[in-house]
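Asks:
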Amino acid sequence: KTVENFGVDLEGFKTVMPSVKVELHKHRHILKVWGSKEDKRRVEGMISELITSVKHNVPVHLPSENVGGSKDDNQRVADNELSMDACAICLCETEDPFKLESCGHIFCRACLVDQCEVATKSYDGFPVCCLKTGCKKPFLIVDLKYLVSNEKLEDLFSASLRAFVASRAGIYRFCPTPDCRSIYQVAAPDAETKPFVCGACYVEICTKCHLEYHPFISCEAYREYKEDPDATLLEWRKGKENVKNCPSCGYTVEKAEGCNHVECRCGCHICWACLANFKSSEECYGHLRSAHQSFVDIV
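Numbering (the numbering used here), first residue to last: 309 to 607.
1) Just the C-alpha distance for G402 and C419, rounded to the nearest angstrom, thanks.
2) Can you check which of these residues, L358, T428, A396, Y530, is closest to F465 by C-alpha distance?
3) Can at least three beta-carbon pairs, one atom from the segment 443-454 and one from the segment 485-496, be found at a separation below 8 Å?
4) By how many angstroms is the C-alpha of V456 removed from the C-alpha of V297?
5) Measuring straight from C-alpha to C-alpha, what distance separates I355 and D347?
6) Does DSSP put A477 in a helix, in a strand, or in coil?
7) Take H600 and list the residues in its own chain whose beta-carbon comes closer than 8 Å to its own, dropping the five residues that flank it on each side.
8) Tell me whether A539 is buried or exposed, calling it buried when 16 or more other Cβ atoms sit within 10 Å of its Cβ.
9) With a threshold of 6 Å on Cβ separation, who are the neighbours of G433 within its own chain once the five nearest residues in sequence on each side are excluded?
10) Quick one: Cα of A386 to Cα of K309, how far?
11) As an exercise, report each continuous alpha helix (DSSP H) stretch of at least 4 residues that is fully enclosed by the segment 460-530, in chain order.
12) Answer with buried or exposed for K534, where buried requires no fewer than 16 other C-beta atoms within 10 angstroms of its C-beta.
13) Report the three-state DSSP secondary structure of V311 (helix, strand or coil).
14) Which word fits G575, buried or exposed, when buried means at least 16 other C-beta atoms lie within 10 angstroms of its C-beta?
15) Rounding to the nearest angstrom, what Cα-Cα distance links C341 and C416 in this structure?
16) With C514 and C527 assumed to form a contact (beta carbons below 8 Å), what rounded beta-carbon distance in angstroms separates them?
17) Which residue or residues does DSSP assign as beta-bridge partners of V570?
18) Report the partner residues of A418 according to the DSSP bridge assignment.
19) Can you give me the C-alpha to C-alpha distance between E500 and R476, rounded to a whole angstrom?
20) For P503, collect the residues of the same chain with a Cβ closer than 6 Å to its Cβ; drop the 5 residues on either side in sequence, then sort them by chain order.
21) With 16 as the cutoff for other CB atoms within 10 Å, does Y559 come out buried or exposed?
22) Which class does I397 belong to by DSSP, given the choice of helix, strand or coil?
23) Do you know whose CA, among C437, R349, V473, lies nearest C411's CA?
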């Protein structure tokens, strides 16, 4: 945008402020200014107005009709055709040229490396394609292997996979195991529930509710159980007189048959008739003999 508005050689600045020297480093995106403090403030104001116009997509109101590149310059910038040897990314003459295998277009090697690094950090950079106007052919693996290291290529593949899953929200999901990069296809609402068995971490996932695979129970019931594990236990013990809580540890105990002496897994000996608890079976049987005159319920 700076080149488009002020010319390839930044003559637009020189026309308005002849005493100012301005240099644009296009590869590093740095604008260097030499001059008085007042001139520097004016240049800063012009650039700030340019930035605001780009953010809000409004035309730039330049301070003079003479400011800005020529019509030919603007057209060449818009077409990325500053010269036959210009890189379509930085608009400079290519340095350390690299020819893409898919389309044959030539760019600065550093510009292509930067493009790959930007794509690794953002979902918007995929697929990684040629930026020549009207091309958009994707990079080939052979190009990427020459441009980036094996480690960065692995990072690029991982970022590409994340971008793919993000762009198809509701269709694919990552395995929920931390650091696992496997993906699976989400089951349709009316489809049969099938598990996804991860080949990397071996976890089994329900492809509908994305929790642990739960055969013989619906997703809704299993979700309720996960939210409140005691809910199913309370539902199961409703109306059952042979189910009580241990007076010592609170654990649920079911007495199917036998006498009224019950031993909990915590080691407590319980009188089933009154839920008195004792340290030994002898004490419990002594209690049953003296307090209830029987070891069993008398009907």
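Even for Gly, the Cβ is constructed at its ideal location relative to N, Cα and C. Everything numeric in this text was worked out from a predicted model, so none of it was measured.
Replies: With the structure as the only source:
1) Before going on, a small fix: residue 402 reads as Thr here, not Gly. For T402 and C419, the distance between alpha carbons rounds to 9 Å.
2) Checked all of L358, T428, A396, Y530; the closest Cα to F465 is T428.
3) Not touching, per the Cβ criterion.
4) No statement about residue 297 is possible, as the shown extent of the chain runs from 309 to 607 and does not include it.
5) 12 Å
6) strand
7) The beta carbon of H600 sits closer than 8 Å to those of N568, C579, A581, C582, all from its chain and outside the five residues before and after it, given in chain order.
8) exposed
9) V426, A427
10) A caution first: A386 carries a pLDDT of 47, below 50, which makes its placement in the model too unreliable to give a value.
11) none
12) exposed
13) helix
14) exposed
15) It is worth fixing the name first, because residue 341 is Val in this sequence and not Cys. Straight-line Cα distance between these residues: approximately 26 Å.
16) 7 Å
17) I578
18) The partner list for A418 (beta bridge, DSSP) is empty, contrary to what the question assumes.
19) 21 Å
20) Once the five neighbours on either side are set aside, the close Cβ partners of P503 are E512, Y521.
21) Per the 10 Å Cβ criterion, exposed.
22) coil
23) C437
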